[in-house]
Amino acid sequence: MKYAQIDSNLFVKNRKKFMAQMRPKSIAVFNSNDIYPIGADSTLPFEQDRDIFYLSGADQEETILLMFPDAMDPKHREILFVRETNEHIAIWEGAKLTKEKATEVSGIESVYWLSDFDKIFFDLMTEADTIYFNTNEHYRQAVETQTREDRFIEKCKKEYPAHQWAKSNPILQNIRGVKESEEIELMQTACDITEKGFRRILEFVKPGVWEHEMEAEFLHEFIRNRSRGFAYSPIIAAGNNANVLHYLENNQQVKDGDMILLDLAAEYANYSSDMTRTIPVNGKFTKRQKEVYSAVLRVKEEATKMLVPGTIWAEYHKEVGKLMTSELIGLGLLDKADVQNENPDWPAYKKYFMHGTSHHIGLNTHDYGELKKPMKANMVFTVEPGIYIPAEGMGIRLEDDVVIQEKGEPFNLMRNIPIEIEEIEELMHK
């Protein structure tokens, strides 16, 4: 891994939080992601399942975490199973976790080879009444591939039909949404790497460059700072491309007078950052571009102030809609009749701002976290309003990542990334 090793105390704390919510005489099991094939002998680069990483720090394929707080043998209350390594694997694939290194990374004393799992699991299941299955219940999930976790659940239900089943996901939604200080530091590192990429691009952009050239500049800066790369598929959208919300082609030449919407960010140690900036190709905003940009920035600043403990996510979005409606009237894009005659299920402002404003961010860019309960301190949210005007060939979105505080306004992890019109123009003209 490119990142510096994380203190195992983080994973010890995370496991304690999870186990505190488990039923008596229950076992929870978490599996690594598969390495996915793409044809012939080629595979996609491995990325660890974020749940097992959150609970163990083990960033390696073919790994299983088992937690059984009520195990009769204390050494079996936390177990990590890892792939047995050998000289052949070391030569062809590189070093894998030894038992000693797995303990150092995870803080788990009992480490076994994966080949021992079935025998030990059977023995522990004779002591347990309930098995926690880790299903993906994220509100945006649309997974069609059968995962390693899915296969485990299928096998377990067949072999242990007398046991009760429980869901890990509600516990994970509860605990992963509120970040530990170590997690916030890792996310700050990801944001700092993103800042370096953005400052680099401000010096690089000029009429005639290509969207994919900008993508390459960002990627270079991210990797040289120990990131694996982009936290999500980068959006580099010049001109009217910015009106495609998930524009991913990044294959057009940028033109004088256009703006470029940059929705991209670095990951670090599997933790995401999520930034959007919109900049003028020639380094100077036009009068109209400034008007729309300033409107988006005002909405972002006011929306950020609402992210405090006790706020309800759905109500927050309604209030942001009111802010945006006012700004769109000021820009001449809506009038009072549009608002008076609007469909309550699709308010008038959604013609120009059709997506949400904030989502949890952490180990996933759209992270786990409870959305129907009041917000809590140390939750981390994006704030990302936008205005999209295809008729004028412009789309502007601005986005930062912020940490909810016990009192007062959120702490902005992207506070050092240029966003004010004057600063962006100054840096682009250096």
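Per UniProt numbering, residue 1 is the first one in the sequence shown, and the count goes up by one each step.
Beta carbons are placed, not taken as given, at the ideal position from N, Cα and C, and that holds for glycine.
In this text, all values refer to a predicted model and were calculated from it rather than measured experimentally.
Original post:
Does the separation of the CB atoms of Ile396 and Met259 fall below 8 angstroms?
Top reply: Against a cut-off of 8 angstroms, the Cβ pair of Met259 and Ile396 comes out as a contact.
Taking the DSSP output, what are the residues bridged to Lys167? Phe133
### Query
Are the stretch 262–278 and the stretch 177–193 touching by the rule of at least three beta carbon pairs closer than 8 angstroms?
yes
Within the stretch 231–280, note down every full beta strand (DSSP E) run reaching 3 residues or more, in order along the chain. 235–238, 259–263, 276–280
Exercise for the section: Spatial neighbours of Lys290 within its chain, please: CB distance less than 7 angstroms, with the 5 preceding and 5 following residues excluded, ordered by chain position. Expected result: Ile421
* **Sequence-distant residues of its chain with Cβ nearer than 6 angstroms to Phe121 (five each side left out)** => none
For the pair the stretch 277–287 and the stretch 353–366, tell me if three or more CB-CB distances fall below 8 angstroms.
no
For this session: Helix, strand or coil for Glu409, going by three-state DSSP, please let me know.
Result: coil
Original post:
Is it true that the stretch 91–108 meets the stretch 149–159, where meeting means three or more beta-carbon pairs spaced less than 8 angstroms apart?
Top reply: no
Report the residue from Glu109, Asp367, Lys430 whose alpha carbon sits nearest the alpha carbon of Glu137. Asp367
Item to check | Runs of beta strand (DSSP E) lying entirely within the stretch 149–195, each at least 3 residues, in chain order | outcome: Listed in chain order, they are 164–167.
(Q) Distance check for Phe53 and Asp59, CA to CA, integer angstroms please. (A) 6 angstroms
**Asked** The beta strand (DSSP E) spanning Ile79 covers which residue range?
**Response** Ile79 -> beta strand (DSSP E) spans 78–82.
**Request:** Name the two residues that bound the continuous alpha helix (DSSP H) containing Thr103.
**Result:** 99–106
Burial state of Ala295 (16 or more Cβ within 10 Å): Buried is the call here.
So who's on the other strand from Gly321, going by DSSP bridges? Note: Gly321 sits in no beta bridge, so no partner.
Distance between Ile312 and Thr130 (C-alpha atoms, nearest Å): 33 angstroms
(request) Specify the secondary structure class of Asp123 as computed by DSSP and reduced to three states. (result) helix
> In terms of residue numbering, what span does the alpha helix (DSSP H) encompassing Ala14 cover?
Replying inline: What sits at residue 14 in the sequence shown is Asn, not Ala. First-last of the alpha helix (DSSP H) with Asn14: 9–19.
Integer Cβ distance of Leu261 from Thr278, believed to fall under 8 angstroms: 5 angstroms
**Item:** the stretch 207–226 / the stretch 238–250 touching (three or more Cβ pairs under 8 angstroms)
**Value:** yes
Q. Mind checking whether Leu331 and Val292 have CB atoms under 8 angstroms apart?
A. yes
Item checked: Of the listed residues Ser168, Pro347, Phe11, nearest to Glu104 (C-alpha basis) -> It is Phe11 whose Cα lies nearest to the Cα of Glu104.
Got a sec: does the ligand MN put a non-hydrogen atom nearer than 7 angstroms to the Cβ of Tyr293? With respect to the ligand MN, the structure shown offers nothing to examine, as it has no ligands at all.
Report task. Taking 8 angstroms as the threshold, find out whether the stretch 337–352 comes into contact with the stretch 370–383 through three or more Cβ pairs. Result -> Counting C-beta pairs closer than 8 angstroms gives fewer than three between the stretch 337–352 and the stretch 370–383, which falls short of the contact rule.
- Query: Apart from the five residues just before and just after Gly393, which ones in its own chain have a Cβ nearer than 6 angstroms to its Cβ?
  - Reply: Gly239, Asn240
Same chain, Cβ closer than 8 angstroms to Leu124, neighbours up to 5 away in sequence not counted: Ile27, Leu66, Phe68, Ala71, His76
>> Under DSSP, the beta strand (DSSP E) around Trp92 begins and ends at which residues?
In response: The continuous stretches of beta strand (DSSP E) do not include Trp92, which lies in the alpha helix (DSSP H) extending over residues 87–93.
Exercise. If you draw a straight line from the alpha carbon of Ala391 to that of Ala237, how long is it in whole angstroms?
Worked result: 16 angstroms
Backbone CA spacing between Glu203 and Trp210 [nearest angstrom]: 14 angstroms
- Item | Integer-rounded CB distance, given that Arg83 should sit under 8 angstroms from Phe62 | Note that residue 62 corresponds to Glu in the displayed sequence, not to Phe. Sure, about 4 angstroms apart at Cβ, within 8 angstroms.
Identity of the residue in Leu245, Lys206, Val244, Gly197 nearest Phe230 by Cα: Gly197
Exercise. For Leu66, name the three-state secondary structure that DSSP assigns.
Key: strand
Would you kindly check if the distance between the Cβ of Ser272 and the Cβ of Gly362 is under 8 angstroms?
yes
Practice item. Give the straight-line distance between the Cα atoms of Arg176 and Glu182, rounded to the nearest whole angstrom. Key: 13 angstroms
Q.
According to DSSP, is Phe46 part of a helix, a strand, or is it coil?
A. In the displayed model, Phe46 falls within coil according to three-state DSSP, outside both helix and strand.
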